[in-house]
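Worksheet: the structure to be examined is printed underneath.
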Amino acid sequence: MEPFPMTNTVLNDSGPQADLKVIRDPAEMRALSTRLAEEGRRIAFVPTMGYLHEGHLSLLREGRRHGDVLILSIFVNPIQFGEGEDFSVYPRDFERDVDLARSVGVDIVFAPDIEDLYPPEFATYVEVEGLSATLCGRSRPGHFRGVTTVVCKLFNIVRPRIAVFGRKDFQQLAVIRRMVRDLHMDIEVRGMPIVREADGLARSSRNVYLGDLRGQALCLVEALRLASRLVAGGERNSTAIIAAARERIEREPEARIDYIQICDETTLGDVEEVSPASVFLLAVRIGKTRLIDNHHLFEEMA
Ligand code: PAF
Numbered sequence: 000m001e002p003f004p005m006t007n008t009v010l011n012d013s014g015p016q017a018d019l020k021v022i023r024d025p026a027e028m029r030a031l032s033t034r035l036a037e038e039g040r041r042i043a044f045v046p047t048m049g050y051l052h053e054g055h056l057s058l059l060r061e062g063r064r065h066g067d068v069l070i071l072s073i074f075v076n077p078i079q080f081g082e083g084e085d086f087s088v089y090p091r092d093f094e095r096d097v098d099l100a101r102s103v104g105v106d107i108v109f110a111p112d113i114e115d116l117y118p119p120e121f122a123t124y125v126e127v128e129g130l131s132a133t134l135c136g137r138s139r140p141g142h143f144r145g146v147t148t149v150v151c152k153l154f155n156i157v158r159p160r161i162a163v164f165g166r167k168d169f170q171q172l173a174v175i176r177r178m179v180r181d182l183h184m185d186i187e188v189r190g191m192p193i194v195r196e197a198d199g200l201a202r203s204s205r206n207v208y209l210g211d212l213r214g215q216a217l218c219l220v221e222a223l224r225l226a227s228r229l230v231a232g233g234e235r236n237s238t239a240i241i242a243a244a245r246e247r248i249e250r251e252p253e254a255r256i257d258y259i260q261i262c263d264e265t266t267l268g269d270v271e272e273v274s275p276a277s278v279f280l281l282a283v284r285i286g287k288t289r290l291i292d293n294h295h296l297f298e299e300m301a
């Protein structure tokens with residue numbers, strides 16, 4: 000068998016990789032990952048929709064640490080966007096993404112075309128019931144079905160042993176973990192901490208939409224900080240904590256709360272009393288931009 004052409008550089012994670020490979024064709028990607036898997040190479044995978052920021056780079060660094068081949072996918076997945084959502088204007092900058100990918104040691108960027116993942120006859124979807132219907136699933140029906148379908152397809156094409164996701168999309172991570180368990184996928188799913196801007200705003204590709212309203216967007220992290228302080232001071236009642244957070248957010252003229260909930264980290268069911276296993280989750284529209292954030296209230300908040 001022909002050796003994998005990037006063997007030397009792939010195993011050396013000490014600096015920028017000169018020979019990053021871009022693959023668009025799913026069949027070519029699958030053939031290469033099959034060959035790598037047969038050679039016993041441990042593939043680490045970070046699926047993204049591109050427009051990379053420090054949050055994505057932290058996932059890639061984690062993948063670099065745990066895999067000997069690091070694959071990044073860039074694909075703005077149309078089926079996870081609802082009608083009237085931002086699919087057509089979702090920020091994209093492929094060249095910049097490739098440069099950033101190279102700087103953190105990505106070996107392969109898989110960037111398929113829409114028609115290749117969703118040909119006209121496409122008819123199969125993957126849906127995690129229950130977990131997909133709550134929180135963001137209420138205001139974005141079909142969103143998680145789109146996510147699990149594309150992630151399942153990408154897993155089948157890329158064949159990773161490890162896949163890394165951000166905890167900012169806490170519900171997405173829970174849904175994907177459940178899919179992996181329920182469908183017996185032999186993949187270790189790692190969840191990485193939220194990366195924040197200096198002022199506390201959680202990094203998101205959508206932050207570019209905020210413009211002049213960026214200051215108001217800080218109400219999300221401030222609500223989380225307030226909730227953490229209340230818990231540190233002994234408050235355990237979810238209703239009281241949520242009421243205080245709601246009051247903070249409603250002070251911003253352009254903020255519209257989608258949900259504020261305190262949930263069990265695994266079932267995502269509401270909890271009355273907070274415990275170390277509960278997570279505070281919120282989704283708020285700041286003007287036209289919908290932002291999400293979350294925090295385990297027993298953990299310290301920067
Ligand atoms: O988190 C994202 O960027 C997307 O939902 C994902 C996991 C890449 C699927 O399109």
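So for the sequence shown, numbering that gives the first Met the number 0 puts the first residue at 0; every next one is plus one. From the three backbone atoms N, C-alpha and C, an ideal C-beta is built for every residue, glycine too.
Notebook entry, point to check: Whose C-alpha, out of A301, G129, F297 and D98, is nearest the C-alpha of T265?
Noted result: Taking only the C-alpha atoms, the option nearest T265 is G129.
Margin query: Cutting at 6 Å between CB atoms, please list the residues of its own chain near V149, excluding the five before and the five after it.
Written below: Same-chain partners within the cutoff: N76.
Check: Would you call the segment 220 to 239 and the segment 98 to 111 in contact, with 3 or more CB pairs under 8 Å?
Finding: The segment 220 to 239 is not in contact with the segment 98 to 111.
Margin query: Here's the rule: buried if 16 or more other CB atoms are within 10 angstroms of the residue's CB, otherwise exposed. What is F121?
Written below: With fewer than 16 other Cβ atoms within 10 Å, it is exposed.
Note to self: For T47, count the other beta carbons within 10 Å of its own beta carbon; 16 or more makes it buried, fewer makes it exposed. Which is it?
What the structure shows: So T47 ends up on the buried side.
Notebook entry, point to check: Does the beta-carbon of I285 have 16 or more other beta-carbons within 10 angstroms, so that it is buried, or is it exposed?
Noted result: I285 sits buried, since 16 or more C-beta atoms from the chains shown fall within 10 Å of its C-beta.
Notebook entry, point to check: Should the segment 233 to 243 be regarded as contacting the segment 269 to 279, the criterion being three or more beta carbon pairs within less than 8 Å?
Noted result: By the criterion of at least three beta-carbon pairs nearer than 8 Å, the segment 233 to 243 is in contact with the segment 269 to 279.
Checklist line | Range covered by the alpha helix (DSSP H) that runs through N293 | finding: Run containing N293: none in the alpha helix (DSSP H); it sits in the beta strand (DSSP E), T288 to H295.
Item checked: Beta-bridge pairing of Q260 - partner residues as DSSP gives them -> For Q260, which the question treats as bridged, DSSP gives the partners L280.
Next item on the list: With hydrogens ignored, establish whether the beta-carbon of D168 is closer than 7 Å to any heavy atom of ligand 1.
Entry: It does: the Cβ of D168 is within 7 Å (strictly closer) of some heavy atom of ligand 1.
Notebook entry, point to check: Do you know how far the Cα of A243 is from the Cα of L225?
Noted result: Distance between the alpha carbons of L225 and A243 is about 8 Å.
Next item on the list: Would you give the residue range spanned by the beta strand (DSSP E) that E94 belongs to?
Entry: For E94, no beta strand (DSSP E) segment is defined; the enclosing uninterrupted segment is the alpha helix (DSSP H) at F93 to S102.
Check: Who are the Cβ neighbours of L69 in its own chain at under 7 Å, not counting the five residues just before and after it?
Finding: Once the five neighbours on either side are set aside, the close Cβ partners of L69 are A43, L59, G62, R63, G104, V105 and D106.
Note to self: Does D24 come out as helix, strand or coil in the three-state DSSP assignment?
What the structure shows: For D24, the three-state secondary structure derived from DSSP is coil.
Margin query: Less than 8 Å between the beta carbons of R41 and R213, yes or no?
Written below: Contact: no.
Next item on the list: Please classify P118: does DSSP put it in a helix, a strand, or coil?
Entry: In the structure shown, P118 adopts coil according to DSSP, grouped into three states.
Check: Which class does M300 belong to by DSSP, given the choice of helix, strand or coil?
Finding: DSSP places M300 in coil when its eight states are reduced to three.
Check: What is the rounded straight-line gap between the Cα of A222 and the Cα of I248?
Finding: Each residue's Cα considered, the two are about 7 Å apart.
Check: Sorted by chain position, which residues of the same chain lie with C-beta nearer than 8 Å to I22's C-beta, five sequence neighbours on each side aside?
Finding: Non-local beta-carbon contacts of I22 in its own chain, meaning distances under 8 Å to residues more than five positions away in sequence, involve M28, L31, I107, V108, F109 and A110 in chain order.
Check: Where does R250 land, buried or exposed, given buried means 16+ other C-beta within 10 angstroms?
Finding: With fewer than 16 other Cβ atoms from the protein chains shown falling within 10 Å of its own Cβ, R250 counts as exposed.
Notebook entry, point to check: What whole-angstrom Cβ distance do T133 and Y208 have, given they're in contact under 8 Å?
Noted result: Between Y208 and T133 the Cβ distance is about 25 Å, and since that is not below 8 Å, they are no contact.
Notebook entry, point to check: Is the Cβ-Cβ distance between L219 and V283 less than 8 Å?
Noted result: Their beta carbons are under 8 Å apart, which means L219 touches V283 by this criterion.
Next item on the list: Could you check which residue in E114, S131 and I291 has the C-alpha nearest to that of D257?
Entry: The residue with the shortest Cα to Cα distance from D257 is I291.
Next item on the list: Using 7 Å as the cut-off, classify the Cβ of M191 as near or not near the heavy atoms of ligand 1, replying yes or no.
Entry: The answer is no for M191.
Check: If you draw a straight line from the C-alpha of E246 to the C-alpha of G81, how long is it?
Finding: Taking the straight line joining both Cα atoms gives about 29 Å.
Item checked: Of the residues R255, N206, I73 and E299, the one placed nearest D112, counting alpha carbons only -> It is I73 whose Cα lies nearest to the Cα of D112.
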